[in-house]
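J.: Its first residue numbered 0, the sequence shown is counted upward by one per residue in numbering that gives the first Met the number 0.
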Amino acid sequence: MHHIHVWNLDEIRIALEAHVVVISENLSDVEKIKDQLKDILNSKFNISHSTLEFEHSIDASCEEND
Numbered sequence: 000m001h002h003i004h005v006w007n008l009d010e011i012r013i014a015l016e017a018h019v020v021v022i023s024e025n026l027s028d029v030e031k032i033k034d035q036l037k038d039i040l041n042s043k044f045n046i047s048h049s050t051l052e053f054e055h056s057i058d059a060s061c062e063e064n065d
C-alpha cells in the first residue's frame, strides 16, 4: 500500500484514499481483498469512507517512492 491520504469528512467521519499493490490478477481475488481491507479500516480505525485503487505487481515487495 502506498500513496495514502487520510482526512476528516466532518467531526465524526474519516476518509482514506490509497493505492494497493496486489499480486493476483484474478478480479474476484481483488474484490475479496478490497472488501477485507474496507472492513478492517472501518472496524479498527473507524474509517467509514475509503477509496482503494488497485495496482498489479509481479513482485510483491513495495518500493518506497514518497
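Backbone N, C-alpha and C define an ideal beta-carbon position, used for all residues, glycine too.
Please list the terminal residues of the continuous beta strand (DSSP E) segment that includes residue 3.
T.: The residue labelled residue 3 in the question sits at position 4 within the sequence shown. First-last of the beta strand (DSSP E) with residue 3: 1-7.
J.: With H, G and I counted as helix, E and B as strand and the rest as coil, what does DSSP make of residue 32?
T.: Translated into the one-based positions of the sequence shown, residue 32 becomes position 33. Helix, per DSSP.
J.: Please say whether residue 1 and residue 53 have beta carbons closer to each other than 9 Å?
T.: Along the sequence shown, one-based indexing puts residue 53 at 54. Along the sequence shown, one-based indexing puts residue 1 at 2. No, they are not a contact pair.
J.: Quick check on residue 26: buried or exposed, where buried means 16 or more other Cβ atoms within 10 Å of its Cβ?
T.: By 1-based counting over the sequence shown, the position of residue 26 is 27. With fewer than 16 other Cβ atoms within 10 Å, it is exposed.
J.: Excluding five sequence neighbours on each side, which residues of the same chain lie with their C-beta closer than 6 Å to the C-beta of residue 49?
T.: On the sequence shown, position 50 is the one that residue 49 refers to. Excluding positions up to five away in sequence, the list reads 15, 37 and 40.
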